[in-house]
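Here's the structure we're looking at; comments come further down.
Shown next, in the form of structure tokens:
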């Protein structure tokens, strides 16, 4: 029987379907996670006082961030719990789905909560978001990574296999240096068989130096002209020293007989 002009053969349908990396079940999992975050943020929004919240948006520039900081400062003292929960959910959501812009969220933590509370908040949310991304990727990540970054995935897999005996050292090295993007590490780690306990410890410790530098810069948000101003000589020196302190316990432990 002849096919009409608008019809496609089964082979063509399969070819179209194969271009989309996720199955129906995998899409359902991802959609459920998104829905959970949306419901949580909606609950936070409903518990805040009636006001104009048009300023609430993901900051993409330092100007956006300064506007957001100016508005949230008045809410933070009276509605601390709601602001904290909302901040954590947004940061974890961005980390889970590899949405760029978490550096602005780290700056915001410093501006609103100060250095020590800000660093603790950023490390907690960044680690939680990375863990969320890790487990989501474990369920649906392989087809996406194989489709988007096949060469980078092969490189990472080979490096992990080669350094299996000292994997924590290698993962700490990756967190402390820009060898591979953190978002890629989060998503690819379960695919290349990095154990979660190693992933978690390297993330928790390895993110502290960068979090400290970024959060501290948030205290003087008005003086920043660009994101590049975060990494002046003093910041880089601080990052380097904290990185050594972070890695030293692991190196000492490995050197013991």
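Residue numbers (our numbering): 1264 to 1520. Ideal Cβ positions, reconstructed from N, Cα and C, are used throughout, including at glycine. Keep in mind that this is a model prediction, so the values were computed, not measured.
query                                                                                                                                                                                  : result
Count the other C-beta atoms from every protein chain shown that fall within 10 angstroms of the C-beta of residue 1488, then say buried if there are 16 or more, exposed otherwise.   : exposed
Label residue 1310 either buried or exposed according to how many other C-beta atoms from any shown protein chain fall within 10 Å of its C-beta, with 16 as the threshold for buried. : exposed
Could you check where the alpha helix (DSSP H) with residue 1404 kicks off and where it finishes?                                                                                      : 1378 to 1411
First and last residue of the alpha helix (DSSP H) that includes residue 1361?                                                                                                         : Note, residue 1361: premise wrong, no alpha helix (DSSP H); not H, not E.
State yes or no: is the C-beta of residue 1455 within less than 8 Å of the C-beta of residue 1398?                                                                                     : no
May I ask you to verify whether the stretch 1349 to 1364 touches the stretch 1386 to 1405, counting CB pairs closer than 8 Å and requiring at least 3?                                 : yes
At the level of alpha carbons, what is the spacing between residue 1351 and residue 1389?                                                                                              : 9 Å
Are residue 1349 and residue 1307 close, meaning C-beta to C-beta below 8 Å?                                                                                                           : yes
Suppose contacts are defined by Cβ-Cβ distances below 8 Å. Is residue 1340 in contact with residue 1478 by that definition?                                                            : no
Look at residue 1322 and residue 1387 and say whether their C-beta atoms are less than 8 Å apart.                                                                                      : no
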